[in-house]
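Protein chains in written order, with the numbering used here: chain A, 1 to 162; chain B, 1001 to 1162; chain C, 2001 to 2162; chain D, 3001 to 3162. Beneath this line is the structure, given in structure tokens, with notes to follow.
Number of protein chains: 4
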Amino acid sequence: MSSPSQPQLPPNGAIAPKTHLNATTEGWFEYPVRVQPHHTDYSGAVWHGTYLTWIEAARVEYLRSMGIDFAELVKLGCDLPVIELSFRYHRAIRLGQEAIIKTRMNKTAGVRINFDYRMESPDAQEYYVTGVVTLVAVDRKKGKIMRNLPPRVKDALIKLLH
Amino acid sequence: MSSPSQPQLPPNGAIAPKTHLNATTEGWFEYPVRVQPHHTDYSGAVWHGTYLTWIEAARVEYLRSMGIDFAELVKLGCDLPVIELSFRYHRAIRLGQEAIIKTRMNKTAGVRINFDYRMESPDAQEYYVTGVVTLVAVDRKKGKIMRNLPPRVKDALIKLLH
Amino acid sequence: MSSPSQPQLPPNGAIAPKTHLNATTEGWFEYPVRVQPHHTDYSGAVWHGTYLTWIEAARVEYLRSMGIDFAELVKLGCDLPVIELSFRYHRAIRLGQEAIIKTRMNKTAGVRINFDYRMESPDAQEYYVTGVVTLVAVDRKKGKIMRNLPPRVKDALIKLLH
Amino acid sequence: MSSPSQPQLPPNGAIAPKTHLNATTEGWFEYPVRVQPHHTDYSGAVWHGTYLTWIEAARVEYLRSMGIDFAELVKLGCDLPVIELSFRYHRAIRLGQEAIIKTRMNKTAGVRINFDYRMESPDAQEYYVTGVVTLVAVDRKKGKIMRNLPPRVKDALIKLLH
């Protein structure tokens, strides 16, 4: 089912969007998108599951910007599967509209690697979707969570946190 | 990125799966699926966003089983957009595997209509994904949340709760 | 972009639908589908690329009905990638509608394995999409076309042709 | 099922790729893509249906480059549904790889609007997929093929042909 046109629910503590100050100072990585026909559903707005494709692409490009090539990582035997996600749909976005997916790493707890998301209009006056995605690093061969990340990945992730 | 092979994180209060007693007594609607090639990613397991297509189909068929034809509802001017969702990926499911999507309505609070989800192996011995999806009823013409549902829908939803 | 509501073009030799006589005598395998919200686009009809997910599922289940478990085949090192496809969209199908995907193997030429498709209304009075998909068997390790299929697969495919 | 790793079939007249001379002189519009996790399947290569999302985005952006805003067109009551498509998969493209989707309008015949496609490596040394997509202009209200395009669209399409 589509995301709503107007529903503006009161923010909920768990994934309430941060006040938007400045993309640069706050360390958000920005990934622009435009709504194509295949992103929409019968309502004319973006289907709620479509966002996960953008969310993923934004994360992969964010990692690339920090020197982590995700395809390389997989070849090296390390995967970063999603183990948890949580999203709120604040306002629908429709065929032809542009938006910015903003993402940044959040403080990690133990093996959990968290990314915050916030999808906004290009002028930052409206926001559409906010959420959090949690990954873990998995050893592809053993099928187990890696407690120690490959050093290059660890260094890059630490940089993302500052 | 793919869902993990093994990662078994400690359950988290927000969306911890209910103890599975009995599908019938507990009022779960069951929707079976099989993993086809297009559901998978490079890892050989189901891509984490694919689940949202199954989750939606299970909800639409659950509503149909209660006499609510979703396409009819939309024609009548009422939409049920997703305004919030939250999922945990407990165990990966791979190409060719079968699973059961279980869903049931949860108690609603105000205008929020909540569905619980639990995706299990056919023998109910393993579970793959658990989560919650929240919808609201929206008047398609006005683009506003409907505080009073169409009577037929309301009656059907009330039945789902018992 | 969506598939059309009415456009009924004159059939074109390349992929003109076979006259529909009798599903059973003609050896069609039937796979039923229902249009869910995520299958649609802004037009309210099914997005033209969505059909490929149904087409694939119908083919995999057809093979299963003949004793070929596709996931097993892949584990054994044999893949069946699509190398060519061709579809015509005759009539749109909309949110909530049901349809039958009909498929059958067509005579193969050399290494090419062809499947015909025809998507119809449940009462067989209307047809929506017709097409052909060509596969080849590939040795996953060598990355080369297999000129000799695994015997079990060969036997099953030969049966499909009669 | 995935597209193949090597299969290099002899070109087939219907959709044989044009010899690549020069993107600019030959009037190809270029749309770059990168393979993200959700584009792949169990084989590690792009799932054969994924290409249709890129093909569509390339076409919409090509039209935009000529002054046709697709979302505007739809608002004005004109849709451009796909009525036929035909693709050949020459070589697989894998997680993390980049490619260029090239598209250009082909001569139209009657109401049919044809777009040629050719997906290549960034250095134009390899090609992955070639194909043709045929659209018609449909009056959304009447659900009929428009024999006379809106003048602005007609003018833009004529420009695309030269």
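Ideal Cβ positions, reconstructed from N, Cα and C, are used throughout, including at glycine. Note that this is a predicted model, so its numbers are computed, not measured.
With a CB to CB cut of under 8 Å and the five nearest residues on each side skipped, what residues in its chain are close to residue i?
i: phenylalanine 3070 of chain D; result: Val3060, Leu3063, Arg3064 and Leu3080
i: valine 3074 of chain D; result: Arg3140
i: proline 122 of chain A; result: Pro32, Glu98, Ala99 and Ile100
i: valine 3138 of chain D; result: Cys3078, Asp3079, Leu3080, Pro3081, Lys3144, Ile3145 and Met3146
Kindly indicate which residue of the options has the alpha-carbon position closest to the one of residue i.
i: valine 1153 of chain B; options: B:Ile1093, B:Ile1113, B:Thr1134 and B:Leu1095; result: B:Ile1113
i: lysine 2107 of chain C; options: C:Asp2116, C:Ile2100 and C:Tyr2042; result: C:Asp2116
i: glutamate 3110 of chain D; options: D:Leu3052, D:Trp3047 and D:Leu3135; result: Note that residue 3110 of chain D is glycine in the sequence shown, not glutamate. Considering only alpha carbons, the answer is D:Leu3135.
i: histidine 3038 of chain D; options: A:Leu52, A:His48 and A:His39; result: A:Leu52
i: valine 133 of chain A; options: A:Arg147, A:Tyr127, A:Val82 and A:Arg94; result: A:Val82
i: methionine 1105 of chain B; options: B:Tyr1128, B:Ala1058, B:Ala1099 and B:Asp1139; result: B:Ala1058
i: isoleucine 3158 of chain D; options: D:Lys3141, D:Met3066 and D:Val3138; result: D:Met3066
i: glutamate 3084 of chain D; options: C:Tyr2128, C:Ala2099 and C:Val2035; result: C:Tyr2128
i: glutamine 36 of chain A; options: A:Asp139, A:Gln97 and A:Gly143; result: A:Gln97
Short of 6 Å in beta carbon distance, which residues of its chain neighbour residue i, apart from the five on each side in sequence? Order them along the chain.
i: lysine 102 of chain A; result: Trp28, Glu30 and Arg118
i: arginine 147 of chain A; result: none
i: arginine 2034 of chain C; result: Glu2098
i: leucine 2021 of chain C; result: Below a pLDDT of 50, predicted positions are generally treated as unreliable, and leucine 2021 of chain C, at 33, falls in that range; the measurement from the model is reported next regardless. Cβ within range, chain order: n/a, list empty.
i: glutamate 2026 of chain C; result: none
With 16 other CB atoms within 10 Å as the buried threshold, where does residue i fall?
i: glutamate 1072 of chain B; result: exposed
i: proline 3032 of chain D; result: exposed
i: glycine 2171 of chain C; result: Absent from the structure is residue 2171 of chain C, since the part of chain C shown begins at 2001 and ends at 2162.
i: glycine 2049 of chain C; result: buried
i: arginine 1088 of chain B; result: buried
i: glutamine 125 of chain A; result: exposed
i: glutamate 120 of chain A; result: buried
Can you name, in chain order, every residue of its own chain whose Cβ lies under 7 Å from the Cβ of residue i, other than the five neighbours on each side?
i: proline 3150 of chain D; result: Leu3076 and Cys3078
i: threonine 1040 of chain B; result: Val1046, Trp1047 and Leu1095
i: lysine 2142 of chain C; result: none
Per DSSP, residue i forms a beta bridge with which residues?
i: threonine 3084 of chain D; result: The displayed chain sequence assigns glutamate, not threonine, to residue 3084 of chain D. DSSP, once it has assigned bridges, lists C:Arg2088 and D:Thr3134 as partnering glutamate 3084 of chain D.
i: valine 3033 of chain D; result: D:Ala3099
i: aspartate 3079 of chain D; result: D:Val3138
i: valine 1129 of chain B; result: B:Tyr1089 and B:Met1119
i: lysine 1159 of chain B; result: According to DSSP, which records beta bridges pairwise, lysine 1159 of chain B is partnered with nothing at all.
i: threonine 40 of chain A; result: A:Val46
i: alanine 3109 of chain D; result: D:Arg3112
i: arginine 3094 of chain D; result: D:Ala3045
i: arginine 2104 of chain C; result: C:Asp2116
i: isoleucine 1145 of chain B; result: B:Val1138
Roughly how far, in whole angstroms, is the beta-carbon of residue i from the beta-carbon of residue j, given that I think they are within contact range, below 8 Å?
i: alanine 156 of chain A; j: isoleucine 68 of chain A; result: 5 Å
Can you find a C-beta in chain E that's less than 9 Å from the C-beta of residue i?
i: isoleucine 1113 of chain B; result: Among the chains of the structure shown, chain E does not appear; the protein chains present are A, B, C and D.
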